[in-house]
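*Asks:* Here it is, the structure in full.
There are 2 protein chains.
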Amino acid sequence: MTAKQDRGRQTIRILLDAALDIFADEGVEGFTITSVVNRSGVSVGSLYHHFGSFDGLSTALYAQCTAEVMDTMIDTMHRASTARTGIEAMARSYLRWSRDHRPKSLVLHTARESEYRPAVAEVKRSRLVEIEKWLMPHIEAGRVQALSPVVIELLTMGPLAMTVGRWLENMPGIDLDEAITVMPECIWFSVKGPVG
Amino acid sequence: MTAKQDRGRQTIRILLDAALDIFADEGVEGFTITSVVNRSGVSVGSLYHHFGSFDGLSTALYAQCTAEVMDTMIDTMHRASTARTGIEAMARSYLRWSRDHRPKSLVLHTARESEYRPAVAEVKRSRLVEIEKWLMPHIEAGRVQALSPVVIELLTMGPLAMTVGRWLENMPGIDLDEAITVMPECIWFSVKGPVG
DNA sequence: TGTACATCAGTGAACGCGCGTTCACTGATGTAC
DNA sequence: TGTACATCAGTGAACGCGCGTTCACTGATGTAC
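First to last, the sequence lines map onto chains X and S.
Under my numbering, the first residue of the first sequence is numbered 2, with each subsequent residue one higher.
Under my numbering, the first residue of the second sequence is numbered 2, with each subsequent residue one higher.
Written out as structure tokens, the structure is:
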């Protein structure tokens with residue numbers, strides 16, 4: 002039973018790893034079922050057995066990367082003691098993770114996937130709830146502006162996502178290390194609001 | 002001479018209009034050379050005569066939409082008298098334009114194009130220079146934090162772009178009118194910095 | 001323990017489809033004398 | 001003004017390619033008795 006399941010799990014891993022390697026080497030353009038099959042050495046039929054479709058593989062990869070960044074950020078958040086340090090640390094955490102996991106970041110920013118596919122949405126939902134749970138007391142105490150959680154997410158993740166997106170495209174003038182130094186504080190100002 | 006050039010210009014218009022209609026009705030997925038040719042009634046050969054390739058048409062459409070939003074924002078900016086009203090008005094201007102030009106906004110957010118294609122980069126460059134010219138005095142006077150223009154662009158456009166992107170995907174919980182009310186001020190706080 | 005059967009995992013040739021592109025061509029407009 | 005020529009604009013059948021998918025099949029592992 003275990004051995005059987007393990008064989009399958011290993012194939013799934015091999016396929017997802019190959020997919021990630023393709024993003025690293027050739028970008029989205031190179032990411033096709035043919036390239037995944039060739040690089041992994043796994044047959045098309047086997048890929049279909051496990052993922053149902055190419056889209057299924059694609060979504061699984063996207064969901065996995067999403068889970069990884071968000072877990073990293075949440076982990077950082079829990080170590081912070083104030084609203085300010087929490088927000089700033091999360092921002093830094095996202096930028097650092099992106100810098101250190103370029104291929105996965107490339108998946109998140111260029112894959113022909115939407116964050117709103119059910120499989121991905123579920124991965125995000127539970128994690129956003131956790132962040133919201135941490136945030137609420139700070140809002141109630143007035144340390145963070147009384148904004149809807151969605152708006153706060155947009156204010157914090159917006160600049161970060163755009164920064165990383167451009168960095169991935171190798172746009173000139175984008176210095177991720179400068180962003181790590183400078184942006185978290187600015188983002189804090191935007192959610193803190195006028196008081197204090 | 003004029004008549005000849007006009008005939009060509011008209012064809013170009015017809016093609017770009019058809020492309021935009023396709024984005025409106027079917028999204029990026031439906032945007033193929035076949036669909037553009039069918040909808041416009043123009044022949045493939047003629048499309049190639051004017052744009053060189055399907056990619057050429059695609060880039061032209063993207064560049065046109067880019068020019069339109071940016072010109073709208075700059076126009077708004079010039080009417081503002083303070084740093085704060087300028088930044089806030091630009092943010093509002095972008096969100097309003099997106100709401101009122103959904104198809105063009107869809108092109109900007111979903112087209113398989115990069116902002117960094119030469120043809121598009123040039124359209125952006127000259128306009129960014131103009132914004133920078135407006136911004137510099139405010140930075141020098143300390144009314145806006147001493148950040149690089151790129152970082153300021155990321156801080157302001159990041160949240161806006163993410164908001165519009167999600168609105169275009171019909172994500173639940175995204176209210177563009179709420180964003181228009183609330184976000185510009187937050188963005189101002191992020192670029193203003195700690196003082197004041 | 002051995003054997004029969006069921007289920008899971010994996011194979012790869014074959015398929016249809018629609019994409020972007022080419023090319024030899026005709027028609028319209030402008031230019032020269 | 002007329003005619004000859006050059007250039008620009010437009011046509012659409014034909015092409016090759018690579019994509020995602022299917023399917024009839026074999027092999028491996030687990031289960032029952």
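C-beta atoms are modelled at their ideal positions from N, C-alpha and C, and glycine is treated no differently.
Measure from the alpha carbon of X/S44 to the alpha carbon of each residue in X/L21, X/T12, X/E69, X/E30, then state which is nearest.
*Replies:* X/T12
*Asks:* Could you name the residues of chain X that S/S115 contacts, counting a contact when the two beta carbons are closer than 8 Å?
*Replies:* E170
*Asks:* Measuring alpha carbon to alpha carbon, tell me which residue in S/E30, S/R14, S/F190, S/V183 is nearest S/L107.
*Replies:* S/E30
*Asks:* Quick one: which chain S residues come within Cβ less than 8 Å of X/V196?
*Replies:* The premise fails here: X/V196 is roughly 11 Å from chain S at the closest Cβ pair, so nothing lies under 8 Å.
*Asks:* Can S/G184 and X/V152 be called in contact, C-beta distance under 8 Å?
*Replies:* The question names Gly, yet the displayed sequence has Met at residue 184 of chain S. Yes, Cβ-Cβ distance for S/M184 and X/V152 is below 8 Å.
*Asks:* Does the Cβ-Cβ distance between S/K216 and S/E133 come in under 8 Å?
*Replies:* As shown, chain S starts at 2 and ends at 197. That puts residue 216 of chain S outside it, with no answer to give.
*Asks:* Does DSSP put S/E131 in a helix, a strand or coil?
*Replies:* helix
*Asks:* Could you tell me whether any Cβ in chain X is nearer than 8 Å to the Cβ of S/L17?
*Replies:* No, S/L17 lies away from the interface with chain X (no Cβ there is under 8 Å from its Cβ).
*Asks:* Is S/V192 buried or exposed, if buried means 16 or more other CB atoms sit within 10 Å of its CB?
*Replies:* buried
*Asks:* Helix, strand or coil, according to DSSP, for X/F55 in the structure here?
*Replies:* helix
*Asks:* Do the CB positions of X/R93 and X/I181 come within less than 8 Å of each other?
*Replies:* Yes.
*Asks:* Does the pairing of the stretch 159-172 of chain X with the stretch 159-174 of chain S give three or more beta-carbon distances under 8 Å?
*Replies:* With a cut-off of 8 Å, the stretch 159-174 of chain S and the stretch 159-172 of chain X count as touching, because enough Cβ pairs lie within range.
*Asks:* From X/C187 to X/G9, what distance separates their C-alpha atoms?
*Replies:* 46 Å
*Asks:* What residue range does the alpha helix (DSSP H) around S/P195 cover?
*Replies:* No alpha helix (DSSP H) holds S/P195; DSSP gives it neither H nor E.
*Asks:* Examine chain X for any beta-carbon lying closer than 8 Å to the beta-carbon of S/P160, and answer yes or no.
*Replies:* yes
*Asks:* What are the boundary residues of the alpha helix (DSSP H) that S/N39 is part of?
*Replies:* 34-41
*Asks:* Count the other CB atoms within 10 Å of the CB of X/M2; is the residue buried (16 or more) or exposed (fewer)?
*Replies:* Model confidence at X/M2 stands at a pLDDT of 43, short of 50, so the residue's coordinates are unreliable and nothing is read from them.
*Asks:* What are the complete alpha helix (DSSP H) segments, minimum 4 residues, inside the stretch 121-196 of chain X?
*Replies:* 150-169, 177-193
*Asks:* At a Cβ cut of 8 Å, what residues of the stretch 135-152 of chain X count as close to chain S, listed as they run along the chain?
*Replies:* Those residues of the stretch 135-152 of chain X that come within reach of chain S (Cβ to Cβ, closer than 8 Å) are Q146, L148, S149, V151, V152.
*Asks:* Near S/L156, which residues of its chain fall below 6 Å by C-beta distance, leaving aside the five closest residues on each side in sequence?
*Replies:* S191, V192
*Asks:* What is the DSSP secondary structure of S/E114, counted as helix, strand or coil?
*Replies:* In the structure shown, S/E114 sits in coil (DSSP, three-state: anything other than H, G, I, E or B).
*Asks:* Could you check if X/M265 is buried or exposed, using at least 16 other CB atoms within 10 Å of its CB as the buried criterion?
*Replies:* Because residue 265 of chain X is not part of the residues shown, which for chain X are 2 to 197, the question remains open.
*Asks:* For X/G174, return the contacting residues in chain S, with the cut-off set at a CB-CB distance below 9 Å.
*Replies:* S149, P150, V151
*Asks:* Cβ of S/W198 within 8 Å of Cβ of S/M78?
*Replies:* What is shown of chain S runs 2 to 197, which leaves residue 198 of chain S out entirely.
*Asks:* Quick one: residues in its chain with C-beta nearer than 7 Å to the C-beta of S/Y95, no 5 flanking neighbours on either side, listed in chain order?
*Replies:* Hits under 7 Å: V70, M74, L161.
*Asks:* Would you verify that the beta carbon of X/K125 is, or is not, closer than 8 Å to some beta carbon of chain S?
*Replies:* no
*Asks:* Starting from the Cα of S/S99, find the closest Cα among S/A19, S/E27, S/W189, S/G166 and give me that residue.
*Replies:* S/G166
*Asks:* Cβ closer than 8 Å: which chain S residues qualify as neighbours of X/L58?
*Replies:* Result: empty, since nearest Cβ-Cβ is about 19 Å, beyond 8 Å.
*Asks:* Between which two residues does the alpha helix (DSSP H) harbouring X/E89 extend?
*Replies:* 84-101
*Asks:* Distance check for X/L109 and X/P150, CA to CA, integer angstroms please.
*Replies:* Computed Cα separation, rounded: 21 Å.
*Asks:* With DSSP run on the structure shown, which of helix, strand or coil describes X/R8?
*Replies:* helix
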